[in-house]
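Engineer:
There are 2 protein chains.
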Amino acid sequence: MSTPAHPKKRATIHDVAREAGVSRGTVSRYFNGDSYVSTSSRSAIEQAIAKVGYVPNTAARNLVRQRTQTVAFIVHEPASLFTEDPNIGGILVGANNELSERDYQLVCLVIDSARDTHRVEQYLRGGFVDGAIVVSARMGDPVTRVITESRIPATYIGHPPDLAGIPFIGIDNITASRSITQELLDVGHENIAILAAGLDRDSGVDRLEGFSQAMGPLLNRGLIQPVETYSYSDGYDGALELLHRAPDVTAIFATSDAVAAGAANAIKRLGLRIPQDVSVVGFDDSVWATRSDPELTTIHQPSRGMGTAAAQCTVAQIEGTFDEWAAPRRLIHLGSAPGIMLDTYVVPRNSVAPPRPQ
Amino acid sequence: MSTPAHPKKRATIHDVAREAGVSRGTVSRYFNGDSYVSTSSRSAIEQAIAKVGYVPNTAARNLVRQRTQTVAFIVHEPASLFTEDPNIGGILVGANNELSERDYQLVCLVIDSARDTHRVEQYLRGGFVDGAIVVSARMGDPVTRVITESRIPATYIGHPPDLAGIPFIGIDNITASRSITQELLDVGHENIAILAAGLDRDSGVDRLEGFSQAMGPLLNRGLIQPVETYSYSDGYDGALELLHRAPDVTAIFATSDAVAAGAANAIKRLGLRIPQDVSVVGFDDSVWATRSDPELTTIHQPSRGMGTAAAQCTVAQIEGTFDEWAAPRRLIHLGSAPGIMLDTYVVPRNSVAPPRPQ
DNA sequence: CAACAATGTGTGAACGTGCACAGATTACGT
DNA sequence: ACGTAATCTGTGCACGTTCACACATTGTTG
Numbered sequence: 001m002s003t004p005a006h007p008k009k010r011a012t013i014h015d016v017a018r019e020a021g022v023s024r025g026t027v028s029r030y031f032n033g034d035s036y037v038s039t040s041s042r043s044a045i046e047q048a049i050a051k052v053g054y055v056p057n058t059a060a061r062n063l064v065r066q067r068t069q070t071v072a073f074i075v076h077e078p079a080s081l082f083t084e085d086p087n088i089g090g091i092l093v094g095a096n097n098e099l100s101e102r103d104y105q106l107v108c109l110v111i112d113s114a115r116d117t118h119r120v121e122q123y124l125r126g127g128f129v130d131g132a133i134v135v136s137a138r139m140g141d142p143v144t145r146v147i148t149e150s151r152i153p154a155t156y157i158g159h160p161p162d163l164a165g166i167p168f169i170g171i172d173n174i175t176a177s178r179s180i181t182q183e184l185l186d187v188g189h190e191n192i193a194i195l196a197a198g199l200d201r202d203s204g205v206d207r208l209e210g211f212s213q214a215m216g217p218l219l220n221r222g223l224i225q226p227v228e229t230y231s232y233s234d235g236y237d238g239a240l241e242l243l244h245r246a247p248d249v250t251a252i253f254a255t256s257d258a259v260a261a262g263a264a265n266a267i268k269r270l271g272l273r274i275p276q277d278v279s280v281v282g283f284d285d286s287v288w289a290t291r292s293d294p295e296l297t298t299i300h301q302p303s304r305g306m307g308t309a310a311a312q313c314t315v316a317q318i319e320g321t322f323d324e325w326a327a328p329r330r331l332i333h334l335g336s337a338p339g340i341m342l343d344t345y346v347v348p349r350n351s352v353a354p355p356r357p358q
Numbered sequence: 359m360s361t362p363a364h365p366k367k368r369a370t371i372h373d374v375a376r377e378a379g380v381s382r383g384t385v386s387r388y389f390n391g392d393s394y395v396s397t398s399s400r401s402a403i404e405q406a407i408a409k410v411g412y413v414p415n416t417a418a419r420n421l422v423r424q425r426t427q428t429v430a431f432i433v434h435e436p437a438s439l440f441t442e443d444p445n446i447g448g449i450l451v452g453a454n455n456e457l458s459e460r461d462y463q464l465v466c467l468v469i470d471s472a473r474d475t476h477r478v479e480q481y482l483r484g485g486f487v488d489g490a491i492v493v494s495a496r497m498g499d500p501v502t503r504v505i506t507e508s509r510i511p512a513t514y515i516g517h518p519p520d521l522a523g524i525p526f527i528g529i530d531n532i533t534a535s536r537s538i539t540q541e542l543l544d545v546g547h548e549n550i551a552i553l554a555a556g557l558d559r560d561s562g563v564d565r566l567e568g569f570s571q572a573m574g575p576l577l578n579r580g581l582i583q584p585v586e587t588y589s590y591s592d593g594y595d596g597a598l599e600l601l602h603r604a605p606d607v608t609a610i611f612a613t614s615d616a617v618a619a620g621a622a623n624a625i626k627r628l629g630l631r632i633p634q635d636v637s638v639v640g641f642d643d644s645v646w647a648t649r650s651d652p653e654l655t656t657i658h659q660p661s662r663g664m665g666t667a668a669a670q671c672t673v674a675q676i677e678g679t680f681d682e683w684a685a686p687r688r689l690i691h692l693g694s695a696p697g698i699m700l701d702t703y704v705v706p707r708n709s710v711a712p713p714r715p716q
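Sequence lines, in order, name chains F and W.
Using the numbering used here, you'd call the opening residue of the first sequence number 1 and step up by one each time.
Using the numbering used here, you'd call the opening residue of the second sequence number 359 and step up by one each time.
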């Protein structure tokens, strides 16, 4: 029948149709869920598919549908962060699972240089993707401009305030920070400092805000130590500077576990003990927290879940079912941007103790 | 001319041809590097492209070329490892960069359950990808079977011995282990133990082998402590057990930084100092090494470079230029599998000191 | 100057699918 | 019995490319 030589051609919808004794159109309808397929031809088609081993050709389908079934995963961070930030990996895995379940592909775009920015713009403008998930965009990010201009369905992780209208998936950084700060207040601390990282992003700002709210009248602006990034080394340096300036602090809230781990090592190097002399708490519940000595009390952030939600949200926009998706969830609004906040919780470990009586 | 309403259609090759006053064929030739395009029409085409903002339609191209321009990145590990293993992230970034440079997409397939295995098999068999990069396959892995059966161009990271014929990118674990063990021998250690992780994979076996070679007659089988995985907690537990059994060891080689970090914490908890009482070395040069106190002497492994090489190797196979790619490199052969080994080097830090005179 | 190679160009036929349309069959109410 | 709606099916066209082929022009060689 067919030439038995050569690697063997893939079966097409024609082969299925011939085998099942129906027409292409019917097979196509079978696949696209349009009812109006009789039960007899339905089962004939099913047998034929199994027999010839048919798998729809994505390229042909995408061509006629003017779709790509591809979603971009854009990380605007130094590429090294991929290997260090535990959340990004979790978000990626979550998003990837959800997307492949729905027959979408995920393509990772890491922006690490100006050249990358250009490449990503090209990619977005070139219609290579149906949608995008954006992790850690900065304010005034060029990616944001392209997305709004090209009207690409997108979801942001976090919520930079300049992104009018673009949905986001976040955690409630304010509430989370408030609750972990409360953890310190509850055991009697009053001289609590914060190592406030990433103040150029919403997350950093919100974590500081939550801290301030919890502290209330106890807030001492001198104990706010801003540090550049969410990194170990910035935590180390920041803690050193802070403790030099204000040796009477009894507890430190570091706004990420990496920062907290850095701070913890700095504290130990100064000859102080954790938690007896200084309590330390982090944020993220990453390996940094469990790998520290002692292990750190921290905030658990559902990174996998955020990836899943972001994927769903993006697909919903692509397929025009955003409203149905949003309906059962409680959406909040930041400016014109709708979004959901996933719950976090405190993970108590061994880095918190009451302050020593002086 | 065109309907100004609606989102605006994407320009096609026809539009470029019309604008440049040539035919589709010429424009197509221009894009596919087939010479035989006159300089005059070449520049006319370039102007036209810029004017109409043309970007080739991937789906149409893939359809006619019977290609997908997609490479699978298969990780057969619990998904959590994505967020913990520093190498996987590096390999991913390296591969991703190289592939997008060459107009290929990378799709991540994480195998974390039996259901995932099935999905990946479908994906591979369904012709969704032109090639694959496989990270950490096990022996007798079903993915391997599918790849050989479907004759999908692939590259392995590492080299499980049962993969006849499939190229691999690795590091020379034996040489690397030998050189870091030598580092301990050089300063006078004799009672050196190894925390040998991952003995179900080639990397684990080879690292132990390198250790044994370097130790030579000093090798004491009682000081080989097998541990399950390359993880922090297994390092912790393994070190505890080892030091309980053999309190006279003066140095420990842990076969990954995570294991070494776990061991380091266990050692400290036993009241011993590093490196004064016990020297510790790791393997990977990951954040675990720099985040430890003291920082760990370790082996630097070029994970990003491995990703790049794996991508090149896969693309070369797809495009039939494997021999040219391999030519300038020194290929080694393991069974019938050709591969390259990337160089590693020792990163000296502060976790090694001579043994105390007894 | 004929013959032929090298260079440049246009055209028609695929590639495999979805969709709109038209046609066929059945079911149902009057 | 008839008209009409509901259900089911087949056909042609379009999607935007690439590729093989045919043709046109020029240069080179005997």
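Note that the Cβ used here is the ideal one computed from N, Cα and C, for glycine as well.
In this text the structure is predicted, and so the values were computed from the model without any measurement.
Assign asparagine 708(W) to one of three DSSP states: helix, strand, or coil.
Structural biologist: coil
Engineer: Would you kindly report the start and end of the unbroken alpha helix (DSSP H) that includes methionine 306(F)?
Structural biologist: 303 to 318
Engineer: Out of Ile403(W), Asp488(W), Thr397(W), Asn415(W), state which residue places its alpha-carbon closest to the alpha-carbon of glycine 678(W).
Structural biologist: Asp488(W)
Engineer: Residues of the stretch 452 to 468 of chain W in Cβ contact with chain F at a cutoff of 8 Å, in chain order, please.
Structural biologist: For the stretch 452 to 468 of chain W, the set of residues with a beta-carbon nearer than 8 Å to any beta-carbon of chain F comprises Asn454, Asn455, Ser458, Gln463, Leu464, Val465, Cys466, Leu467, Val468, in chain order.
Engineer: I need the boundaries of the beta strand (DSSP E) containing proline 696(W), first residue and last residue.
Structural biologist: 695 to 700
Engineer: Taking only the alpha-carbon atoms, compute the straight-line gap between valine 617(W) and serine 589(W) and give it to the nearest angstrom.
Structural biologist: 5 Å
Engineer: Do the CB positions of isoleucine 171(F) and glycine 210(F) come within less than 8 Å of each other?
Structural biologist: No, these two residues do not count as a Cβ contact at 8 Å.
Engineer: For arginine 528(W), list the residues DSSP reports as bridge partners.
Structural biologist: Just to set this straight, residue 528(W) is glycine in the shown sequence, not arginine. Looking at the DSSP assignment, glycine 528(W) forms a beta bridge with Met699(W).
Engineer: In terms of alpha-carbon separation, which member of Leu630(W), Ile432(W), Ile632(W), Glu653(W) lies closest to alanine 641(W)?
Structural biologist: This sequence places phenylalanine at residue 641(W); alanine is not what is there. Residue Glu653(W) is the option with its Cα nearest to phenylalanine 641(W).
Engineer: If you measure between the beta carbons of glutamine 69(F) and aspartate 103(F), is that distance less than 8 Å?
Structural biologist: yes
Engineer: Could you check what DSSP says for glutamine 463(W) in three-state terms: helix, strand or coil?
Structural biologist: strand
Engineer: I'd like to confirm the pairing. Which residues does DSSP put opposite glycine 131(F) in its beta bridges?
Structural biologist: Val71(F)
Engineer: Tell me, please, whether the CB atom of alanine 230(F) is closer than 8 Å to any CB atom in chain W?
Structural biologist: Reading the sequence as shown, one finds tyrosine at residue 230(F) and not alanine. Tyrosine 230(F) does not count as touching chain W.
Engineer: Can you pull the DSSP bridge partners for threonine 655(W)?
Structural biologist: Val639(W)
Engineer: How is the alpha helix (DSSP H) around tyrosine 751(W) delimited, first residue to last?
Structural biologist: In this structure chain W extends from 359 to 716, so residue 751(W) is not present and cannot be described.
Engineer: Taking its Cβ as the centre, do 16 or more other Cβ atoms sit within 10 Å of histidine 372(W), making it buried, or is it exposed?
Structural biologist: It is exposed - the Cβ of histidine 372(W) has fewer than 16 other Cβ atoms within 10 Å.
Engineer: Can you tell me the Cα-Cα spacing of asparagine 420(W) and arginine 330(F), whole angstroms?
Structural biologist: If you take the alpha carbons of asparagine 420(W) and arginine 330(F), they lie about 42 Å apart.
Engineer: Going by DSSP, what residue range makes up the beta strand (DSSP E) through isoleucine 49(F)?
Structural biologist: Looking at the DSSP string, isoleucine 49(F) is not in any beta strand (DSSP E); the run it does join, the alpha helix (DSSP H), is 39 to 52.
Engineer: Under 8 Å, do threonine 250(F) and arginine 207(F) count as touching if we go by C-beta distance?
Structural biologist: no
Engineer: How long is the line joining the alpha carbons of leucine 553(W) and leucine 92(F), rounded to whole angstroms?
Structural biologist: 32 Å
Engineer: Using DSSP's beta-bridge definition, name the partner residues of threonine 513(W).
Structural biologist: Ile491(W)
Engineer: Please classify histidine 547(W): is it buried, with 16 or more other beta-carbons within 10 angstroms of its beta-carbon, or exposed?
Structural biologist: buried
Engineer: For glycine 198(F), is the classification buried or exposed, using 16 other Cβ atoms within 10 angstroms of its Cβ as the cut-off for buried?
Structural biologist: Looking at its Cβ environment, which holds 16 or more other Cβ atoms inside 10 Å, glycine 198(F) is buried.
Engineer: Have a look at aspartate 643(W) and threonine 117(F) and give me their C-alpha separation to the nearest angstrom.
Structural biologist: C-alpha separation (whole angstroms): 29 Å.
Engineer: Let's test the definition: count the other Cβ atoms within 10 Å of the Cβ of asparagine 57(F) and tell me whether it reaches 16, buried, or not, exposed.
Structural biologist: buried
Engineer: Tell me, please, whether the stretch 178 to 193 of chain F touches the stretch 343 to 356 of chain F by the rule of three or more beta-carbon pairs shorter than 8 Å.
Structural biologist: The way I'd put it, the stretch 178 to 193 of chain F does touch the stretch 343 to 356 of chain F; three or more beta-carbon pairs between them come closer than 8 Å.
Engineer: Can you tell me which of Val287(F), Ser43(F), Leu242(F), Val64(F) puts its alpha carbon nearest to the alpha carbon of tyrosine 19(F)?
Structural biologist: The residue you asked about is not tyrosine; residue 19(F) is glutamate in the sequence shown. Closest by alpha carbon: Ser43(F).
Engineer: Shorter than 8 Å from the beta carbon of leucine 421(W) to some beta carbon of chain F?
Structural biologist: yes
Engineer: With H, G and I counted as helix, E and B as strand and the rest as coil, what does DSSP make of arginine 503(W)?
Structural biologist: Of the three classes helix, strand and coil, the one that applies to arginine 503(W) here is helix, per DSSP.
Engineer: For the pair the stretch 403 to 414 of chain W and the stretch 48 to 55 of chain F, tell me if three or more CB-CB distances fall below 8 Å.
Structural biologist: Under the Cβ criterion (8 Å, minimum of three pairs), the stretch 403 to 414 of chain W does not count as touching the stretch 48 to 55 of chain F.
Engineer: Taking Cβ to Cβ, would you say glycine 452(W) is nearer than 8 Å to methionine 664(W)?
Structural biologist: yes
Engineer: Put leucine 692(W) into one of helix, strand or coil per three-state DSSP.
Structural biologist: strand
Engineer: Just to confirm the assignment, what range does the beta strand (DSSP E) spanning alanine 624(W) have?
Structural biologist: Where alanine 624(W) is concerned, there is no enclosing beta strand (DSSP E), although the alpha helix (DSSP H) it sits in stretches over 615 to 627.
Engineer: Is the stretch 616 to 632 of chain W close to the stretch 590 to 602 of chain W, with three or more CB pairs under 8 Å?
Structural biologist: yes
Engineer: Residue ranges of each beta strand (DSSP E) run of no fewer than 3 residues wholly in the stretch 529 to 585 of chain W, ordered along the chain?
Structural biologist: Correct list: 550 to 555, 582 to 585.
Engineer: For valine 16(F), which of helix, strand or coil comes out of DSSP?
Structural biologist: helix
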